[in-house]
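Colleague: Each residue of the sequence shown is one higher than the one before, starting from 1 at the first, in the UniProt record's numbering. No residue lacks a Cβ here, since even glycine has one placed at the ideal position from N, Cα and C. Keep in mind it's a predicted model, so treat the numbers as computed, not measured.
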Amino acid sequence: MAQLQNCCRALQSLARRHTRPAPGGVRCMASASAPLPGSQAQRLVAHILVRDASGAGGAAARLDELEAQLRGGTPFQKLASEASEDRSSSHKGGVLGWLQRGTFYPEFEEAAFGASIGDIVRASTSLGVHLIEVKEERFIASVQQVSVQELSEMLSNPDLVEDVQLIDVREPWEEETASLPFFRLFPLSKLQVWGPSIAEQLDPSRETLVLCHHGVRSMQVATFLVSNAGFTNVKNVTSGIHAYSTQVDASVQIY
């Protein structure tokens, strides 16, 4: 139990630990761990999102300005909190969490996994233009991925819904803004509260789907469930509720 509680505390404080200014500017905060057989790489990333209705040129120029400020010694998390247009991460210094291949926008993943630890790189996605800070790397046991199309089929079939456990790890304000039926709210920020007893609240042997905004926070919780809570069949909803809204059901509000 003590080990589980320690893991909960570590995950809950993840954003705080990784958004402290590094002396002398942005730099690598920890070296990567060695991969284990059958494991998958994850990278801890933060980003600054710039949306530009007038075209990518204006957004790129804005990133030029931000990069100049970084070279001048301004901490990445300070710029993210002030300049990023991603509301779900800007208040955390831009930290998205641990990113795994196949869970986010391909262009973003290509940039994040193609960089060295400590690098700051750019990527363009349908959301806009990103300035990405690659903080750390680790290797974890595999978690399955499920598409928003597969999730839609499941939600429309009462028999399938009855057989699975659906977890939403976003914040309450996010659920109020946009939500899907049948999901129970277990905010990542409250993991220390619900984490130690999650195996009593849910059945670790049942299929469990985890949802968030873009698929990053849900991957963190999915990994926790597999690695620390004894869950045996956990799936992460790829690209989260944002993808569900843009690819499946436009009535689900985008935020």
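Grab the span of the alpha helix (DSSP H) containing residue 200 for me, first residue to last.
Modeller: Against the sequence shown, residue 200 aligns to sequence position 200. Start and end: 198–201.
Colleague: Looking only at DSSP bridge pairs, what is residue 140 linked to?
Modeller: Within the sequence shown, numbered from 1, the residue matching residue 140 stands at position 140. In the DSSP output, where bridge partners are listed per residue, residue 140 has 40.
Colleague: Hey, quick one: how far does the alpha helix (DSSP H) through residue 81 stretch, first residue to last?
Modeller: The sequence position of residue 81 within the sequence shown is 81, counting from 1. Taken as a continuous stretch (DSSP letters only), the alpha helix (DSSP H) holding residue 81 covers 76–83.
Colleague: What is the DSSP secondary structure of residue 223, counted as helix, strand or coil?
Modeller: Reading the sequence shown from its first residue, position 223 is the one you call residue 223. In this structure, residue 223 counts as helix in the three-state DSSP scheme.
Colleague: Provide the residue span of the alpha helix (DSSP H) that contains residue 87, from first to last.
Modeller: Looking up residue 87 in the sequence shown gives position 87. Boundaries of the alpha helix (DSSP H) harbouring residue 87: 87–90, taken from the DSSP string.
Colleague: Counting only the same chain and skipping the five closest in sequence on each side, list residues whose C-beta sits under 7 Å from that of residue 237.
Modeller: Position 237 of the sequence shown holds residue 237. If we look at residue 237 and ignore the five residues flanking it on each side, its Cβ neighbours are 146, 148, 151, 209, 210, 211, 215, 218.
Colleague: In the DSSP assignment, find the unbroken alpha helix (DSSP H) run with residue 241 in it and report its ends.
Modeller: Working through the sequence shown from its first residue, we reach residue 241 at position 241. Residues 240–247.
Colleague: Do residue 177 and residue 253 have their C-beta atoms closer together than 9 Å?
Modeller: The residue given as residue 177 occupies position 177 in the sequence shown. The residue given as residue 253 occupies position 253 in the sequence shown. For residue 177 and residue 253, yes; Cβs fall inside 9 Å.
Colleague: Which first and last residues belong to the alpha helix (DSSP H) in which residue 211 is found?
Modeller: Taking the first residue of the sequence shown as 1, we reach residue 211 at position 211. Run containing residue 211: none in the alpha helix (DSSP H); it sits in the beta strand (DSSP E), 207–211.
Colleague: Thinking C-alpha only, which one of 245, 204, 45 is nearest residue 224?
Modeller: In the sequence shown, the residue the question calls residue 224 occupies position 224. Out of 245, 204, 45, 204 has the C-alpha closest to the C-alpha of residue 224.
Colleague: Return the CA-CA distance between residue 47 and residue 127, expressed in angstroms with no decimal places.
Modeller: Numbered from 1 along the sequence shown, position 47 holds the residue referred to as residue 47. Numbered from 1 along the sequence shown, position 127 holds the residue referred to as residue 127. If you take the alpha carbons of residue 47 and residue 127, they lie about 12 Å apart.
Colleague: Could you spell out the range, first to last residue, of the beta strand (DSSP E) harbouring residue 100?
Modeller: One-based indexing of the sequence shown puts residue 100 at position 100. Element bounds for residue 100: 95–100.
Colleague: Excluding five sequence neighbours on each side, which residues of the same chain lie with their C-beta closer than 6 Å to the C-beta of residue 185?
Modeller: For the purposes of this step, residue 185 is taken as residue 185 along the sequence shown, with counting starting at 1. Closer than 6 Å at the Cβ level, and outside the excluded window around residue 185, lie 168, 175.
Colleague: Using the C-alpha atoms, what's the distance from residue 170 back to residue 259?
Modeller: Only positions 1 to 255 of the chain appear in the structure, and residue 259 is not among them; the question remains open.
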